[in-house]
Amino acid sequence: MKILIIRHGDPDYSVDGLTPKGQKEAELLSERLLRDENIKAAYCSTMGRAKLTAKPTLEKLGLSCEYHDWLREFTYPKVKLPYLEDEAICWDLMPQFMDENPLLYSPTDWLNVDFIKNSDVPAAYKTVCDEFDKVLAKHGYLRDGLKYKVTGSNHDTIAFFCHFGLGGVLLSHLMNTSPMSILNNGFFPPSSVTTVFSEERAKGVAAFRCFAMGDISHLYPSKEEASFSGRFCECFSDDTRH
């Protein structure tokens with residue numbers, strides 16, 4: 526089975542929609558998915574920017590979609606960080622803070638770091654992973670420890686239209702790693718496609734392997750530049766987001 530984790534196009538957060546650039550990205554994405562993928566099932570966040578990104582693809586494919594709140598951006602379990610006055614997103618962390626808290630990179634112990642443990646993050650993370658596993662079980666892959674029991678081996682492609690933070694949570698679950706590793710040291714550009722394949726090397730037992738992360742090759746033929754949304758300044762002296 527192939528899993529596509531798709532981030533929404535360039536966002537207009539003020540209206541939970543897409544900018545004109547994001548609308549163009551969604552159209553280019555739909556052309557790529559129509560040409561290169563045979564999507565059997567689609568799942569989408571209930572947030573506007575994800576729904577608008579999915580719309581051109583769903584219309585071109587004539588495909589129905591399931592919309593779920595658990596696919597919404599993973600920002601609602603805010604946490605209190607020692608270096609900020611206000612609560613913050615649990616995965617938007619400064620490098621020096623990560624350096625002081627290396628357990629955040631642990632596949633299991635990241636949940637036991639005090640500011641995570643004493644928040645709603647563990648319960649929210651579990652909810653997303655459990656709901657994700659219900660979908661995978663429906664498609665023939667039943668979670669069994671750190672692996673999956675194959676109940677219906679297949680070559681189907683299923684797509685999840687969602688968000689950077691939420692996509693990082695999904696990928697961390699499939700890869701059995703901390704989401705902090707992916708979200709602080711990886712990036713899903715707007716409209717990007719992250720591709721994960723199942724591997725059934727022993728009959729009835731599968732693991733998932735990431736083949737491409739944050740791919741925006743559908744933008745290249747039109748010379749559409751990657752959106753900066755979600756990134757920070759490359760150099761501190763740059764006049765970009767800090």
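Note that my numbering has the sequence shown beginning at 526, numbered continuously upward.
Even for Gly, the Cβ is constructed at its ideal location relative to N, Cα and C.
Sheet register partners of residue i (DSSP bridge)
{"i": "residue 613", "result": "604"}
{"i": "residue 740", "result": "718"}
{"i": "residue 724", "result": "732"}
{"i": "residue 682", "result": "527, 564"}
{"i": "residue 666", "result": "675"}
{"i": "residue 570", "result": "593"}
Anticipated Cβ contact below 8 Å, residue i with residue j, distance rounded
{"i": "residue 559", "j": "residue 583", "result": "Incorrect: roughly 11 Å between the Cβ atoms, too far for contact."}
{"i": "residue 604", "j": "residue 644", "result": "5 Å"}
{"i": "residue 678", "j": "residue 612", "result": "In fact, because the Cβ distance is near 44 Å, the residues do not count as touching under 8 Å."}
{"i": "residue 715", "j": "residue 754", "result": "5 Å"}
{"i": "residue 527", "j": "residue 720", "result": "7 Å"}
{"i": "residue 760", "j": "residue 766", "result": "Incorrect: roughly 12 Å between the Cβ atoms, too far for contact."}
Collapsed DSSP secondary structure at residue i in the structure displayed
{"i": "residue 751", "result": "coil"}
{"i": "residue 534", "result": "coil"}
{"i": "residue 690", "result": "helix"}
{"i": "residue 698", "result": "helix"}
{"i": "residue 672", "result": "strand"}
{"i": "residue 818", "result": "The chain is shown only over 526 to 767; residue 818 falls outside these bounds and no answer can be derived."}
{"i": "residue 626", "result": "coil"}
{"i": "residue 638", "result": "coil"}
{"i": "residue 558", "result": "helix"}
{"i": "residue 705", "result": "helix"}
{"i": "residue 746", "result": "coil"}
{"i": "residue 711", "result": "coil"}
{"i": "residue 758", "result": "coil"}
{"i": "residue 632", "result": "coil"}
{"i": "residue 578", "result": "helix"}
{"i": "residue 645", "result": "coil"}
{"i": "residue 598", "result": "coil"}
{"i": "residue 618", "result": "coil"}
{"i": "residue 658", "result": "helix"}
{"i": "residue 765", "result": "coil"}
Candidates the options: closest to residue i by CA position
{"i": "residue 774", "options": "553, 625, 633, 573", "result": "The requested residue 774 does not occur in the structure, where the chain is confined to residues 526 to 767."}
{"i": "residue 529", "options": "738, 767, 755", "result": "738"}
{"i": "residue 576", "options": "608, 730, 540, 606", "result": "540"}
{"i": "residue 618", "options": "655, 669, 706", "result": "706"}
{"i": "residue 546", "options": "744, 756, 762", "result": "744"}
{"i": "residue 700", "options": "682, 718, 723", "result": "723"}
{"i": "residue 535", "options": "578, 562, 561", "result": "578"}
{"i": "residue 736", "options": "747, 718, 727, 750", "result": "718"}
{"i": "residue 548", "options": "759, 531, 580", "result": "580"}
{"i": "residue 551", "options": "721, 658, 752", "result": "752"}
{"i": "residue 732", "options": "668, 681, 692, 694", "result": "668"}
{"i": "residue 621", "options": "634, 614, 607", "result": "607"}
{"i": "residue 693", "options": "565, 616, 527, 683", "result": "616"}
{"i": "residue 593", "options": "762, 640, 691, 680", "result": "691"}
{"i": "residue 557", "options": "589, 656, 746", "result": "746"}
{"i": "residue 588", "options": "654, 634, 683, 531", "result": "683"}
{"i": "residue 654", "options": "590, 741, 763, 695", "result": "695"}
{"i": "residue 614", "options": "563, 758, 641", "result": "641"}
{"i": "residue 591", "options": "734, 657, 759, 766", "result": "657"}
{"i": "residue 741", "options": "728, 637, 555, 757", "result": "555"}
{"i": "residue 681", "options": "538, 610, 698, 563", "result": "563"}
Exercise. Any contact of the segment 643-653 with the segment 588-606, i.e. 3+ C-beta pairs under 8 Å?
Worked result: yes
Problem set entry | the segment 673-688 contacting the segment 651-664, beta-carbon criterion three pairs below 8 Å | yes
Exercise. On the three-pair Cβ rule with 8 Å, is the segment 694-714 touching the segment 622-638?
Worked result: yes
Problem set entry | Inter-stretch contact at 8 Å, needing at least 3 Cβ pairs: the segment 556-571 / the segment 676-696 | At 8 Å Cβ cutoff, the stretches touch.
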